[in-house]
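So the protein sequences, as listed, match chains A and B.
Those letters in the first sequence? Residues 804 to 1360, per my numbering, in order.
Those letters in the second sequence? Residues 804 to 1360, per my numbering, in order.
All C-beta atoms, glycine included, are put in the ideal place defined by N, C-alpha and C.
Input: a single structure, listed below in structure tokens.
2 protein chains.
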Amino acid sequence: MDYQRTKLKWNGWGWLDQDFDLHGREEGLWDFLREQLGVEDLPNTPAMPLEEMPLPEIRISTSQVDDLIDLLSADRVCTDRYERLFHAFGKSYHDLIRLRRGILDEVPDAVVYPESAEDLAALTQFATDHHLALVPYGGGSSVVGGVEARSGRLAGVLTVDMTRMNRVLHIDAESLTATAEAGIYGPQLEEHLQKHGYTLGHYPQSFQFSTLGGWIAARGAGQQSNRYGSAAKFFAGASVVTPSGTLHTLASPNSAAGPDLRHLIAGSEGVFGFITEATVKLHPLPSSRDYRGFLFSEFKAGSDVIREIMQEHVDVAMLRLSDAEETWFLSQFKSIGKPASWASKATSAALDLVGVGEKPCLLLVGLEGTTASISISRAAIARIALSAGGIPIGAKPGKGWYGTRFDMPYLRDSLLDRGVGVDTLETSTNWSNIQHLHQTVRNQIATSIRRHTRVGTGEPIVMAHISHSYPDGASLYFTFIFPMSADSPVTQWRAIKREVSDAILENGGTISHHHGVGTVHVDWMTPEKGDLGIAMLKAVRDSLDPHGLMNPGKLLP
Amino acid sequence: MDYQRTKLKWNGWGWLDQDFDLHGREEGLWDFLREQLGVEDLPNTPAMPLEEMPLPEIRISTSQVDDLIDLLSADRVCTDRYERLFHAFGKSYHDLIRLRRGILDEVPDAVVYPESAEDLAALTQFATDHHLALVPYGGGSSVVGGVEARSGRLAGVLTVDMTRMNRVLHIDAESLTATAEAGIYGPQLEEHLQKHGYTLGHYPQSFQFSTLGGWIAARGAGQQSNRYGSAAKFFAGASVVTPSGTLHTLASPNSAAGPDLRHLIAGSEGVFGFITEATVKLHPLPSSRDYRGFLFSEFKAGSDVIREIMQEHVDVAMLRLSDAEETWFLSQFKSIGKPASWASKATSAALDLVGVGEKPCLLLVGLEGTTASISISRAAIARIALSAGGIPIGAKPGKGWYGTRFDMPYLRDSLLDRGVGVDTLETSTNWSNIQHLHQTVRNQIATSIRRHTRVGTGEPIVMAHISHSYPDGASLYFTFIFPMSADSPVTQWRAIKREVSDAILENGGTISHHHGVGTVHVDWMTPEKGDLGIAMLKAVRDSLDPHGLMNPGKLLP
């Protein structure tokens, strides 16, 4: 795959030549959204073209640019419009509405492309000498402002694009680990591993446009993290170039030699240094996959089933439970532009008859492994799900989900063209708090949208699912769709985000299960970690980066 | 159980009224050891009695003692000989040879017994005001000097015995977690949990004499950690009283809100503060157990079987593979004083016949769970073990091990009475390095013992086992028995320890898999973590304990 920057959208998701394919059902979608959101009209709100974007002046001198070229090479130091805008932000709703309207406080003064740890050591020295901020940039898929160009109190911003450091360095077949450079994209890494019969199994929704280093820096989790582990789990060791030198962690399976520094690197979001290479834990490529669905009449029944499956330690790759609103929305979305058939009406009546009601909750169960291990898991899950009133609905919903699992972010761009806002947020909590947190956050999102949006008679669309689960609790992932404020979408979004984040913290949730902190969640770090926790992290940062060059404004308040 | 200090040995292992029961086979043991070690005689080397011990003067004033009594109460501030000596050291070989000979540089000036986080906050304030070191002390079973009374540059040492903080505060049955005060002993915690149908499942060899807080502070691992997790894994959240205030971590199942502070607390060995309460992950009490043995002709064959079992993610509680030397030693030890029977001779011949040779390696496989889960695991393990040439030898060796799994430390006291030194050390590494590390460390231990011991014609006894395993590697646990130097056993031990620890680090091992760092491994922390890693940890320490009151001399060089 060619990840040259000009092949990728600078103000939207993914490949430049790819959009969400509605297969001619556009008008049906707009009708449906107008009805749901209770608005008369969905205005055309096109993005500002690249050449019209107001671009802040470059704050570094031409002689500094020349010095950078001497350090690297001319083709690895970019100051052109496209590169600077491409690297200004990540891919959050907040980022896109700013990019689409030309609301830019800062963009990188230059974008540099290191090819080695030595390049990075030279860059940190350069940044130290010239008081410049360094922003590590992998795939740039952060949805929390993790790669935003911020100079803080420094003289300018060098965004350091890591994607030329993309080699797999070593596979240890005996220990089932691989060591790779951190700028490698998901598909590049998996292609190499799968050629040798292995997989990392880490497939976040951003898989195609995110990198190994970013996964670890943000403590991400893939859709099949139940089986393959979140980044903090599959991460076995790293080299990190910091402004104070290079840190190497021992890739030991387990150690009692004091605190585990790997858990400081996982989640460090570039504020401690550049992850240059990482060792990760592999799995044999599964020979078999089985994704299928169950319906439950209540979210709690489905969530109890997930809890039991996790507490029995069943080998499962994915458990994804949509609440009634999400289940309904997804089924409506699928049938947009299709005539309500006799068959679908009959299905609805049948659902009612078998007792899951007309607004059931869909649980997708994903199994991966050998046919033998899958059949053991399938039996355990059927036992647990059926005895909790689950209705098995076969492999079709699983297949449907699997086939389109990376596509949704493309749809956002289409919605933004029509004044429709869509954002997601996520948290996690213990099982004993999950129903309460689900309800509270749902209600808060709806309340905040109503408060900060001039809507007609309709309702904002708020839906949620459990996507990552553990013996002691699970994540909750919320999606909300709302009429974008015509005048001040950024203010609208910030107000909603603030109130909902407060509600998450006040009700026992974490500010993020797998998106990270970045600039967007930084105000909730002190409530979550406490003053002392923040003091500990700042002390670590100061020990590695005394001048605060690394990714200012992210992670630490 | 009554853990009053006077019920416990102050200079040996465990209960005052309990010794290793040799069932009248003492003479056989001494004959066997004389022969193995190649020494003419095993001298009587009794321990110095309590009343003869040279006791350093108390360095705090009587008015300070009075102030402490005002803070706590008279019965919770101890300055008597027994309490001071009891709390001077942990339970390592290095500790016991010093205690038995009266080699004491420092002992606590007072021993205090807090009963609440408020008591601990008052004690940290008192220590700050009076420049005193605070040594957190749980069960005192550290074998790495983790609870040694060291004042560093301070005016004296208060050892803070946590064992009155021993309540289970809460069981969250839905999330399968429990929160307890950190000074609770293993048996107290398990008794409470098991009454409610749960277990933590953490059974280190020190189980009877170690505490929840100590397990977490030292990043310990129980004998069944494959199933129940090491302390760093089962640890879900804590409150920590530090000299700068109290740190609470969110007990969230998983979070991307920056680095995971729990992994700074796990392994902190009291240098950041006092763990006052901890939340841990529970399991339903297993309804069934199955421990059984296999023999392999080579260590590598057995170790490959463990690797395969782990990489297939089979649900197994314990995999314990003794090398040929340990297998032989344990079988000899068991048969001491028993006539070599026709049956045992036949067994030996049979072993040879089936192809495992006369010096096989014993793998103990421990399964816990439901009868259904155990039967699934048993089938998988049989398949893997048999196809690798393993000979199943039934449940007897498993039962034997299980019944005596906490007893071995008592034997050390008997050996020390007869001039026989015995110590253990442990490490871990990746599978691709495990054979090399096993051989190298074995050889180094033997070489170092020979170099630093005046032996006759015999050989030191050096043996090892794998006791904790992971998909990417495993631990190696070495036991060595040698004639104790009559004049300078401490010098002898230090020389051996230094050379072997160097060899471990030079050959890719960690300085400890589950014993911790304490004073004994502190010199190998920089080689393992690197200068930057140590700088990070010191920065964290300074942010919480700017005057360095907490457990001086441990963990950080």
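query	result
Is it the case that the Cβ atoms of Thr-931 of chain A and Leu-1347 of chain A are separated by a distance below 9 Å?	no
Suppose you measure from the CA of Pro-1349 of chain A to the CA of Gln-867 of chain A; what does that come to, to the nearest Å?	22 Å
Just mark Arg-1257 of chain A as buried or exposed, buried being the case when its beta carbon has 16 or more other beta carbons within 10 Å.	exposed
Determine the extent of the beta strand (DSSP E) in which Leu-1124 of chain A is found, giving its start and end residues.	1121–1125
So what does DSSP say about Ile-900 of chain B, is it helix, strand or coil?	helix
Candidates A:Gly-1105, A:Leu-1050, A:Glu-1101, A:Val-1119: which alpha carbon is nearest Ser-1081 of chain A's?	It should be pointed out that residue 1081 of chain A corresponds to Ala in this sequence rather than to Ser. Among A:Gly-1105, A:Leu-1050, A:Glu-1101, A:Val-1119, the Cα nearest to that of Ala-1081 of chain A is on A:Leu-1050.
May I ask which residues mark the beginning and end of the beta strand (DSSP E) holding Ala-981 of chain B?	980–984
Based on Cα-Cα distance, which residue from B:Asp-878, B:Pro-917, B:Thr-1322 lies nearest to His-897 of chain B?	B:Thr-1322
So, under 8 Å CB-CB, His-1317 of chain A and Val-947 of chain A are touching, yes? Tell me the CB distance rounded to an integer number of Å.	Not confirmed; about 10 Å, so no contact.
Applying the 10 Å Cβ sphere with the 16-neighbour rule, what's the burial state of Gly-1356 of chain B?	buried
Between which residues of its own chain and Pro-857 of chain A is the CB-CB distance below 7 Å, once the five residues before and five after are set aside?	Gly-905, Leu-907
Using a cut-off of 7 Å between C-beta atoms, extract the partners of Trp-1234 of chain A located in chain B.	Glu-977, Ser-978
So what does DSSP say about Ser-1278 of chain A, is it helix, strand or coil?	strand
Could one say the Cβ of Thr-1052 of chain A lies closer than 9 Å to chain B's Cβ atoms, at least one of them?	yes
Using 8 Å for Cβ pairs, my map puts Ile-1307 of chain B next to Thr-1230 of chain B. What's the rounded Cβ distance?	5 Å
Would you mind telling me which residues of chain B sit closer than 9 Å to Lys-1300 of chain A, beta carbon to beta carbon, in chain order?	Residues of chain B passing the Cβ test: none, with the nearest at roughly 15 Å.
Taking Cβ-Cβ distances below 8 Å as the criterion, which residues of the region 1332–1345 of chain B are in contact with chain A?	Lys-1332, Gly-1333, Asp-1334, Leu-1335, Gly-1336, Ala-1338, Met-1339, Leu-1340, Lys-1341, Ala-1342, Val-1343, Asp-1345
Does the beta carbon of Thr-1227 of chain B come closer than 9 Å to any beta carbon on chain A?	no
Do the region 1052–1063 of chain B and the region 1059–1079 of chain A meet, that is, are 3 or more Cβ pairs less than 8 Å apart?	yes
Under 9 Å between C-beta atoms, does Leu-923 of chain B make it to chain A?	no
In chain B, which residues lie less than 7 Å from Asn-1246 of chain A when you measure between Cβ atoms?	Residues of chain B passing the Cβ test: none, with the nearest at roughly 21 Å.
Below 9 Å between beta carbons: does that hold for Glu-787 of chain B and Ser-1235 of chain A?	Because chain B spans 804 through 1360 in this model, residue 787 of chain B falls outside it and cannot be assessed.
Take Arg-967 of chain A as the anchor and find which of A:Tyr-885, A:Tyr-1031, A:Gly-1203, A:Thr-1079 has the nearest alpha-carbon.	A:Thr-1079
Where DSSP assigns a beta bridge to Leu-1347 of chain A, which residues make up the other side?	Bridge partners of Leu-1347 of chain A: none, in fact.
Which residues bound the beta strand (DSSP E) around Glu-1039 of chain B?	In the sequence on display, residue 1039 of chain B carries Ala and not Glu. Taken as a continuous stretch (DSSP letters only), the beta strand (DSSP E) holding Ala-1039 of chain B covers 1038–1045.
Run the CB neighbour count on Thr-809 of chain A, radius 10 Å, all protein chains shown included, and call it buried at 16 or more, exposed below.	exposed
Run down chain A in chain order and give the residues with a C-beta less than 8 Å from the C-beta of Leu-1358 of chain B.	Gly-1061
Taking the CB atoms as reference points, tell me whether Leu-957 of chain A and Ala-936 of chain A lie closer together than 9 Å.	yes
Examine chain A for any beta-carbon lying closer than 9 Å to the beta-carbon of Lys-1084 of chain B, and answer yes or no.	yes
If I measure Cβ to Cβ from Arg-828 of chain A and keep anything under 7 Å in the same chain, skipping five residues before and after, which residues do I get?	Ile-1139, Gly-1140
Roughly how many whole angstroms lie between the Cα atoms of Gln-1242 of chain B and Leu-961 of chain B?	43 Å
Any residues in the region 1101–1117 of chain B with a beta carbon nearer than 7 Å to a beta carbon of chain A? Which ones, in chain order?	Gln-1114, His-1116
Is the shortest distance between the beta-carbon of Ile-779 of chain A and the beta-carbons of chain B less than 9 Å?	The displayed coordinates of chain A run from 804 to 1360. Any statement about residue 779 of chain A would go beyond what the structure contains.
Anything in the region 1025–1038 of chain B with a Cβ closer than 7 Å to a Cβ of chain A? List those residues in chain order, please.	Ser-1033, Ala-1035
Have a look at Ala-952 of chain B and Glu-909 of chain B and give me their C-alpha separation to the nearest angstrom.	6 Å
For a contact defined as C-beta to C-beta under 9 Å, what are the partners of His-1318 of chain B on chain A?	Ala-1059
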